[in-house]
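Numbering (our numbering), first residue to last: 178 to 388.
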């Protein structure tokens, strides 16, 4: 095989072999270490994930609530970034969290709890709103599953943004988001793109020479 053809194959091989990167953001642990609210909560590698909150028709604050709770929504915070109404720091009626990724990811799991009793998970029949649609998390033994990263609360495909909100029915309790697991879909690094371009150029030149 001509060297230019080899470069082309190598370029494609590097792109295809680029590893995916899995991450877990543990909101419950973050909140236990530092309770506060913010208009945009930015987490993950290189700040890949921005989380914002809405309350009714207006903006809310993404809120990390301690006491084995996690991520919720607060309507107003004080100058110390603490929720003014201590009972208004979970996700409840007409409240929603928006998860916006700066890169395409695959959601591997979302863990939720409905109280400060770590870990206290939903019971059968409890639902939330995922992207505006009623969705039921998988039910499992909370006491043994919280720290098991191979247990998924939800599973859906590749996304760059989704919303998670309260389902206003008799079965759905208030809730907090305990953690989220996702895999970053790899994109070629600049050097890899250069190698790919060089390979494509070489392949084109080789074909032209044979013509």
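Yeah, the Cβ is synthetic: ideal placement off N, Cα and C, and Gly gets one too.
With a cutoff of 8 angstroms on beta-carbon distance, residue 252 and residue 267 are scored as not near each other.
Residue 257 is bridged by DSSP to nothing; it lacks a bridge partner. Here residue 215 really is in contact with residue 258; their C-beta atoms are around 7 angstroms apart, less than 8 angstroms. Residue nearest to residue 203 within the set 240, 357, 245 and 278 is 357 (criterion: CA-CA distance). Between residue 290 and residue 247, the CB-CB gap stays under 8 angstroms.
In this structure, the straight-line span from the alpha carbon of residue 233 to that of residue 263 is close to 18 angstroms.
Under the three-state reduction of DSSP, residue 269 is assigned to coil, being neither helix nor strand. Within the same chain, and ignoring the five residues on either side of residue 283 in sequence, the residues whose Cβ sits closer than 6 angstroms to its Cβ are 335 and 360. Looking at the DSSP output, residue 290 bridges to 353. When C-alpha distances from residue 217 are compared across 304, 340 and 276, the shortest belongs to 276. Between residue 311 and residue 271, the C-beta spacing is not below 8 angstroms.
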